[in-house]
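What follows is a single structure, written as structure tokens, with notes after it.
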Amino acid sequence: MPPKLTAGTGIDALSHAIEAYLSTWSNPILDSIALTAISLIFKYLRKDYRDGGNSEARYYMSMAATAAGIPLCSAGVLVGHSIAQAFAPLKKIHHGLSCGIVLPYIVEFYIPSSKHKIVKIADAIGIDVSNVDLDKASHVVVKEIFRLLSDLEIPLSLRELGITRDQLHYIAKTALKNWPRPNSPRPLNYENVLGLVEKIWYGKQF
Ligand SMILES: [Fe+2]
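177 is the number of the first residue of the sequence shown in the working numbering; add one for each residue after it.
As structure tokens, this is what we get:
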């Protein structure tokens, strides 16, 4: 796979692991598999992107993508995939890239309901957050996802993709109607999904 596809499929695997991990349908067994996948992706995806000939990175990314598929199939994904699937066809964007663009924003969106789980992602990726509170520790995780996206040269906003302001209502409506996610730890409605889509469009870290 060329670097762009390596980044897209790798970040898609990360979005499967994180969204399934935060799903209300997850359980302790699926959580541990998801955290293993997250740990491997943070350790190997950058190396895999920079050097496709690195067989160790390729091997562990294939393990990570497969591991992430296990919680994905049982616990399902969340609003990140709903929004990604709503906007990707508008600009013919690769599925993985579209899920990656939204990922830090949706982790931030779920902090109010799931900070106790999000902080465990920090442990999985080797960041010490033992001296900070749950909110701050969760924001550290969001920041690390932004940093990973940036290293993979993945856009950080919908504006950069040429999506226009007047398409945001359509994206929010389509996401909610076609993929409503009853497993979302934070109940979804038109207002909060539109607010999230607007933040992803502006590219603000909120
Ligand atoms: Fe996906």
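Ideal Cβ placement from N, Cα and C applies to all residues, glycine included. These figures come from a predicted structure and were not determined experimentally.
{"Query": "Burial state of LYS312, where buried means 16 or more other Cβ atoms lie within 10 Å", "Result": "exposed"}
{"Query": "Check: CYS249 C-beta below 7 Å from any heavy atom of ligand 1", "Result": "no"}
{"Query": "For PRO204, the nearest candidate out of ILE376, LYS293, GLN343, ASN368 (CA to CA)", "Result": "LYS293"}
{"Query": "Neighbourhood of ligand 1 [Cβ distance below 7 Å to any heavy atom], ordered by chain position", "Result": "ASP188, SER191, HIS192, VAL253, HIS257, HIS271, GLY272, CYS275"}
{"Query": "Residues near GLU195 by beta carbon distance below 7 Å, same chain, minus five either side", "Result": "VAL253, LEU254, GLY256, HIS257"}
{"Query": "As assigned by DSSP and simplified to three states, the class of THR200", "Result": "coil"}
{"Query": "Beta-carbon spacing of PRO247, ALA193 below 8 Å", "Result": "yes"}
{"Query": "Spatially closest choice to TYR235 from LYS353, ALA244, TYR220, ARG226, by CA coordinates", "Result": "TYR220"}
{"Query": "Under 8 Å between C-beta atoms of PRO361 and LEU206", "Result": "no"}
{"Query": "With 16 other Cβ atoms within 10 Å as the buried cut-off, status of ASP309", "Result": "exposed"}
{"Query": "Residues near TYR366 by beta carbon distance below 8 Å, same chain, minus five either side", "Result": "ALA348, LYS349, LEU352"}
{"Query": "With 16 other Cβ atoms within 10 Å as the buried cut-off, status of SER326", "Result": "exposed"}
{"Query": "Presumed contact (8 Å Cβ cut-off) between LEU332 and VAL373, rounded CB distance", "Result": "LEU332 to VAL373, Cβ: 14 Å. No contact."}
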